[in-house]
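So the structure is just underneath, and the comments pick up after that.
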Amino acid sequence: MRFRFTARQHLRRAREFEAVRKFGRAFQSAPFVFTLYIPELDEEATPVRRFGVIASRRVGNSVVRNLCKRRSRELFRRHQQELPQHCDCVLLVRRKFPELSFADLEETFVKAYRYVTRTK
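Below, the structure is given as structure tokens:
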């Protein structure tokens with residue numbers, strides 16, 4: 172099965188990122204901080220999983236930051252079906268992110284979304 176990361180799934184506005192980081196549940200690790208927020212769904216709206224990446228200049232130059240963003244989006248694309256039907260996710264990239272292999276990042280990402288989606 173092939174999953175896509177469509178334009179509709181991108182978090183774009185600063186207030187959307189702020190809402191996720193303020194009201195969401197976070198998982199902190201060395202390579203990244205993963206935050207998941209399940210907003211209220213309007214009756215006429217269709218459920219969608221949305222994702223955004225934050226990579227500051229501390230991570231590296233633009234080439235490194237863009238590599239980190241591409242890897243982050245690929246992690247989300249591969250595992251989006253395991254997330255709740257309607258949710259917003261933000262991945263804050265840390266300095267250690269570019270040093271790890273994709274397999275290590277994927278393992279940490281799986282731990283992160285399992286942690287934030289488990290019931291209390």
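Position one of the sequence shown corresponds to residue 172 (the numbering used here), numbered consecutively onward. Where a beta carbon is used, it is the ideal one built from N, C-alpha and C, also for glycine.
Which of helix, strand or coil does DSSP assign to residue i?
{"i": "H257", "result": "coil"}
{"i": "F222", "result": "strand"}
{"i": "L263", "result": "strand"}
{"i": "E245", "result": "helix"}
{"i": "S227", "result": "coil"}
{"i": "S233", "result": "helix"}
{"i": "R285", "result": "helix"}
{"i": "R175", "result": "coil"}
{"i": "T217", "result": "coil"}
Between residue i and residue j, which are expected to be in contact by the criterion C-beta below 8 Å, what is the C-beta distance as a whole number of angstroms?
{"i": "L182", "j": "R221", "result": "5 Å"}
{"i": "R242", "j": "F273", "result": "6 Å"}
{"i": "V219", "j": "R179", "result": "6 Å"}
Should residue i go down as buried or exposed, given a rule of 16 or more other Cβ atoms within 10 Å for buried?
{"i": "R236", "result": "buried"}
{"i": "V234", "result": "exposed"}
{"i": "S227", "result": "exposed"}
{"i": "A283", "result": "buried"}
{"i": "P202", "result": "buried"}
{"i": "L212", "result": "exposed"}
{"i": "T217", "result": "exposed"}
{"i": "D259", "result": "buried"}
| task | Within the stretch 182-210, note down every full beta strand (DSSP E) run reaching 3 residues or more, in order along the chain. | result | Those beta strand (DSSP E) runs which fall completely within the stretch 182-210 and span 3+ residues are 196-199, 203-208.
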